[in-house]
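What follows is a set of notes on a single structure, which appears directly below.
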Amino acid sequence: MERRTIFGQRLLPVILVAPQFLLTLIFFLWPACQAIWSSMTRQDPFGLHSQFAGLDNFVELFTDPLYRASIGRTVFFMAAVSALSMSLALLLAVFADREIRGRTIYRTLLIWPYAIAPAMAAVLWIVLLQPQVGILAAWLSRHGIAWDYHLNDTQAMLMIVLACAWKQVSYNFIFFLAGLQSIPRTVLEAARMDGARGWHRFRTITFPLLAPTSFFLLVVNLVYAAFDTFGTIQALTQGGPGKATETLVVKVYRDGVVNLDIGSSSAQSVVLMIGVIGLTALQFRFLGRRQLT
Amino acid sequence: MNDHRDPVAHVVLVLGAILFVAPLWLVFVGSTQDSAAIARGDLSVLPGNEGFGVYAGVLAGPVPRMLLISLGMALAIAIGKIVISILSAFAVVFFRFPGRHVAFWLIFITLMLPVEVRIIPTYSVMSDLGLINTFTGLWLPLIASATATLLFRQIFVAIPDELVEAARMDGAGPLRFLWDIVIPVSGANIAALFVILFIYGWNQYLWPLLVATNPNLDTIVIGIVKMIAVETQTDWSAVMATAMLALLPPVVVVVVMQRWFVSGLTEGEK
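First to last, the sequence lines map onto chains C and Z. When you line the first sequence up against our numbering, it's residues 1 to 293, in that order. When you line the second sequence up against our numbering, it's residues 294 to 563, in that order.
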């Protein structure tokens with residue numbers, strides 16, 4: 001970390017680091033401190049007086065069955081999105097790693113969806129499954145299945161899981177493919193000499209060697225499912241019907257921006273911060289890896 | 294392994310490609326069809342009769358402005374993040390100054406505070422600074438970047454001491470050294486990061502939703518979500534034409550710069 005040769009100036013580095021430092025202070029640390037402060041205060045409905053309330057907001061939050069339901073829903077959603085997205089990406093990466101004709105084209109066709117915004121993924125799934133417009137929805141209704149994720153809780157959850165997992169496949173594919181390509185060919189050759197083939201070779205050789213990539217992706221996917229899916233959910237269901245697809249981030253948005261309940265939404269923000277800090281710590285501690293952007 | 298005829302692989306990969314290309318195809322053909330027919334559930338899998346007429350209609354409305362806002366925001370975020378991250382990483386690696394470690398750790402903490410967890414307080418800071426409903430408000434707060442700073446730090450640390458020494462012998466000051474050596478050496482990483490950050494900027498949704506309520510500042514992504522939020526009377530072919538236009542720039546950037554961006558994305562992870 002320490003260099004031998006360094007420049008001697010004292011003022012210049014401070015000027016160089018200042019923009020980043022000031023932006024961090026103004027737009028990250030200051031709001032975070034405010035969130036912690038207002039999570040421990042109680043405001044009257046007009047916002048004229050606020051008074052210190054200690055951990056009351058948190059106690060209220062965790063005794064609220066709606067909030068606990070939202071936690072459970074979010075955990076399920078995160079697990080479903082991560083599992084679905086990662087397993088599909090791994091399957092595709094294993095086959096795209098083979099030396100077959102046209103593999104460059106296959107790779108491009110699987111990588112381009114990286115460019116899709118979460119909110120745009122919603123539009124692409126609307127043409128498939130929106131009850132009036134969707135081409136698969138029409139097929140379902142011809143076969144006697146009443147499909148409408150605006151009305152049915154389970155279908156709404158299924159819809160956002162599918163759309164959010166679909167959007168993340170290309171990211172996972174890129175990393176799994178890179179992971180597979182970094183496995184030395186000699187290791188695979190040696191396994192082949194020993195008679196390990198197909199599924200057996202994948203399970204005993206390839207998969208264990210992919211473990212670091214998989215752990216890294218798992219953390220990234222959990223963070224993605226918890227936070228970056230807001231656009232998809234907002235565009236498809238707005239958290240509805242009722243609260244069927246209201247994840248924790250959607251709830252903060254609804255309570256804070258729509259219903260203006262500052263105390264509760266600040267407490268929720270603090271809970272989310274602790275969640276992110278936990279996940280980031282996990283990422284660094286056990287993996288020593290970073291996620292871009 | 295070296296068998297070029299591998300039918301299972303082709304079947305799996307073709308199905309996978311269809312899963313991702315089919316929705317895009319449907320959006321494209323939808324953009325060339327009659328809106329009322331789509332609303333009735335008669336979306337055809339083949340291009341319709343409207344040709345590019347719908348695009349002409351869409352481009353006569355607010356869509357070009359939205360595309361411009363998105364482009365401006367994506368470029369400002371990508372360039373802004375890269376510039377301030379290079380500067381701060383350069384300061385941290387090549388200088389000793391008081392508070393160096395404190396500054397580094399404070400920047401590092403931003404990693405743990407995504408917009409989503411500080412929705413309300415960030416809004417109040419933005420309004421105190423008069424940045425609500427301004428173009429500056431769309432990009433400036435998003436350009437602080439711990440990950441980009443960490444990435445550049447890692448690259449700069451790997452620059453050999455001999456190179457720094459040689460530059461000093463030639464009488465180059467730190468800024469000259471930064472411009473003539475450090476930045477060219479990191480060229481490939483900057484290109485890769487640019488792609489990733491451009492996509493990140495173009496795809497923002499929650500941030501513009503919070504800080505810009507003025508329709509004149511709607512990004513293209515915000516615009517689309519507003520168009521589909523109208524449950525009745527949605528002009529579906531216009532939605533799909535707009536979606537195609539919104540997808541085009543980031544998809545082109547990813548496909549054209551695929552090689553750089555893929556290695557840049559995965560490189561830091563090894």
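Glycine residues also receive a C-beta, built at the ideal position from the N, C-alpha and C atoms.
Apply the 10 Å Cβ neighbour rule to C/E246 and answer buried if 16 or more other Cβ atoms are within range, or exposed otherwise.
To locate residue 246 of chain C, count along the first sequence from 1; it is residue 246. Residue environment for C/E246: buried (at least 16 other C-beta atoms within 10 angstroms of its C-beta).
For Z/G480, which residues in the same chain have their Cβ closer than 7 Å to its Cβ, ignoring the five residues on either side in sequence?
Here residue 480 of chain Z refers to the residue found at position 187 of the second sequence. Within the same chain, Z/G480 has no close Cβ partners at all.
Taking the alpha-carbon positions, what's the C/I105 to Z/A310 distance?
As a first step, residue 105 of chain C is located in the first sequence; it is residue number 105 there, counting from the start. As a first step, residue 310 of chain Z is located in the second sequence; it is residue number 17 there, counting from the start. In a straight line, the C-alpha of C/I105 is about 10 Å away from that of Z/A310.
Using a threshold of 8 Å, state whether the C-beta atoms of C/L84 and C/S170 are closer than that.
Indexing the first sequence from 1 puts residue 84 of chain C at position 84. Indexing the first sequence from 1 puts residue 170 of chain C at position 170. Against a cut-off of 8 Å, the Cβ pair of C/S170 and C/L84 comes out as no contact.
Can the beta-carbon of C/A121 be found less than 8 Å from the beta-carbon of C/A79?
Counted from its first residue, the first sequence places residue 121 of chain C at position 121. Counted from its first residue, the first sequence places residue 79 of chain C at position 79. In this structure, C/A121 lies away from C/A79, with their beta-carbon atoms at least 8 Å apart.
Note down, in chain order, every chain Z residue with its Cβ under 8 Å from the Cβ of C/M120.
Residue mapping note: residue 120 of chain C aligns to position 120 of the first sequence, counting from 1. Here the neighbours are N496, V514, I517, A536, A539 and L540.
Under 8 Å, Cβ to Cβ, is there at least one residue of chain Z near C/Y149?
For the purposes of this step, residue 149 of chain C is taken as residue 149 along the first sequence, with counting starting at 1. No, C/Y149 does not count as interfacial toward chain Z.
In the DSSP assignment, the beta strand (DSSP E) including C/S50 goes from what residue to what residue?
In the first sequence, counting from the first residue as 1, residue 50 of chain C sits at position 50. Start and end: S50 to F52.
Starting from Z/H394, find everything on chain C with Cβ-Cβ shorter than 9 Å and list it in chain order.
Counting from 1 along the second sequence, the entry for residue 394 of chain Z is found at position 101. Near Z/H394 there are no residues of chain C at all, since even the closest Cβ is about 11 Å away, more than 9 Å.
Which residues of chain C have a Cβ atom closer than 8 Å to the Cβ of Z/L368, listed in chain order?
Translated into positions along the second sequence, residue 368 of chain Z becomes position 75. The contacting residues do not exist; Z/L368 stays about 15 Å from chain C at best.
Which residues share a DSSP beta bridge with C/T41?
Locating residue 41 of chain C in the first sequence gives position 41, where the first residue counts as 1. Paired residue(s): C/F52.
Should Z/I513 go down as buried or exposed, given a rule of 16 or more other Cβ atoms within 10 Å for buried?
The residue labelled residue 513 of chain Z in the question sits at position 220 within the second sequence. Per the 10 Å Cβ criterion, buried.
What is the DSSP secondary structure of Z/F387, reduced to helix, strand or coil?
One-based indexing of the second sequence puts residue 387 of chain Z at position 94. Z/F387 falls in the helix class under three-state DSSP.
What is the DSSP secondary structure of Z/F345, reduced to helix, strand or coil?
Numbered from its first residue, the second sequence carries residue 345 of chain Z at position 52. Here Z/F345 sits in coil by DSSP.
Taking C/H143 as part of the alpha helix (DSSP H), name the residues at either end of that continuous run.
Counting from 1 along the first sequence, the entry for residue 143 of chain C is found at position 143. Looking at the DSSP string, C/H143 is not in any alpha helix (DSSP H), and its letter there is neither H nor E.
Any contact of the region 55 to 67 of chain C with the region 125 to 143 of chain C, i.e. 3+ C-beta pairs under 8 Å?
The region 55 to 67 of chain C is not in contact with the region 125 to 143 of chain C.
Below 7 Å on C-beta distance, what does C/T24 contact in chain Z?
Taking the first residue of the first sequence as 1, we reach residue 24 of chain C at position 24. Near C/T24 (Cβ distances below 7 Å), the residues of chain Z are L399, I400, T403 and A437.
Output yes if chain C places a C-beta closer than 8 Å to the C-beta of Z/V504; else output no.
Locating residue 504 of chain Z in the second sequence gives position 211, counting from the first residue. Any Cβ of chain C closer than 8 Å to the Cβ of Z/V504 would place that residue at the interface, and such an atom is absent.
Determine contact between the region 317 to 336 of chain Z and the region 533 to 541 of chain Z, defined as no fewer than three beta-carbon pairs at a distance below 8 Å.
yes
Whose C-alpha, out of C/L129, C/T237, C/F175 and C/A96, is nearest the C-alpha of Z/L308?
The sequence position of residue 308 of chain Z within the second sequence is 15, counting from 1. The shortest Cα separation from Z/L308 among C/L129, C/T237, C/F175 and C/A96 belongs to C/A96.
Taking the DSSP output, what are the residues bridged to Z/F445?
By one-based count along the second sequence, residue 445 of chain Z stands at place 152. Paired residue(s): none; Z/F445 is not in a bridge.
Thinking C-alpha only, which one of C/W166, C/G134 and C/A196 is nearest C/T232?
Taking the first residue of the first sequence as 1, we reach residue 232 of chain C at position 232. It is C/W166 whose Cα lies nearest to the Cα of C/T232.
Out of curiosity, what's the CA-to-CA distance linking C/Y67 and C/V250?
Here residue 67 of chain C is taken as the residue at index 67 of the first sequence, counted from 1. Here residue 250 of chain C is taken as the residue at index 250 of the first sequence, counted from 1. One C-alpha to the other measures close to 12 Å.
I need the straight-line Cα distance from Z/V504 to Z/M359, nearest angstrom please.
Counting from one through the second sequence, the residue named residue 504 of chain Z turns up at place 211. Counting from one through the second sequence, the residue named residue 359 of chain Z turns up at place 66. So the alpha carbons of these two residues sit roughly 16 Å apart.
Closer than 8 Å, CB to CB, is Z/E343 near chain C or not?
Position 50 of the second sequence holds residue 343 of chain Z. So no, Z/E343 is outside the interface.
Determine, using beta carbons only, whether Z/T559 and C/A178 come nearer to each other than 8 Å.
Indexing the second sequence from 1 puts residue 559 of chain Z at position 266. Indexing the first sequence from 1 puts residue 178 of chain C at position 178. Cβ atoms of Z/T559 and C/A178: closer than 8 Å.
Can you tell me which of Z/Q551, Z/R393 and Z/M419 puts its alpha carbon nearest to the alpha carbon of C/L23?
For the purposes of this step, residue 23 of chain C is taken as the residue at position 23 of the first sequence. That would be Z/M419, whose Cα lies nearest to the Cα of C/L23.
Exposed or buried, Z/M462, counting other C-beta atoms within 10 Å across all chains shown (16 or more means buried)?
One-based indexing of the second sequence puts residue 462 of chain Z at position 169. A residue is called buried when at least 16 other Cβ atoms come within 10 angstroms of its Cβ; Z/M462 does not meet this threshold and is exposed.
Of all the CB atoms in chain C, is at least one closer than 8 Å to the CB of Z/I492?
Position 199 of the second sequence holds residue 492 of chain Z. True, the Cβ-Cβ gap to chain C drops below 8 Å.
Under the DSSP definition of a beta bridge, which residues are partnered with C/F7?
As a first step, residue 7 of chain C must be located in the first sequence, where it is residue number 7. For C/F7, which the question treats as bridged, DSSP gives the partners Z/F388.
Which two residues bound the contiguous alpha helix (DSSP H) that contains C/Y253?
Taking the first residue of the first sequence as position 1, residue 253 of chain C is located at position 253. Here the alpha helix (DSSP H) through C/Y253 covers L248 to Y253.
In the structure shown, what three-state DSSP assignment does C/Y67 receive?
Here residue 67 of chain C refers to the residue found at position 67 of the first sequence. Looking at C/Y67 - three-state DSSP - the assignment turns out to be helix.
Name the chain Z residues that come within less than 9 Å of C/M256, Cβ to Cβ?
Working through the first sequence from its first residue, we reach residue 256 of chain C at position 256. The sequence as given places Gly at residue 256 of chain C; Met does not occur at that position. Correct list: I412, I413 and Y416.
If you measure from the beta carbon of C/L292 to each beta carbon in chain Z, is any gap under 8 Å?
Translated into positions along the first sequence, residue 292 of chain C becomes position 292. Unreliable positioning characterises C/L292 in this predicted model, as indicated by a pLDDT of 38, which lies under 50. The coordinate reading is nonetheless provided below. Closer than 8 Å to some Cβ of chain Z, the Cβ of C/L292 qualifies, so yes.
Helix or strand or just coil, what does DSSP make of C/I277?
For the purposes of this step, residue 277 of chain C is identified with residue 277 of the first sequence, where counting begins at 1. DSSP places C/I277 in helix when its eight states are reduced to three.
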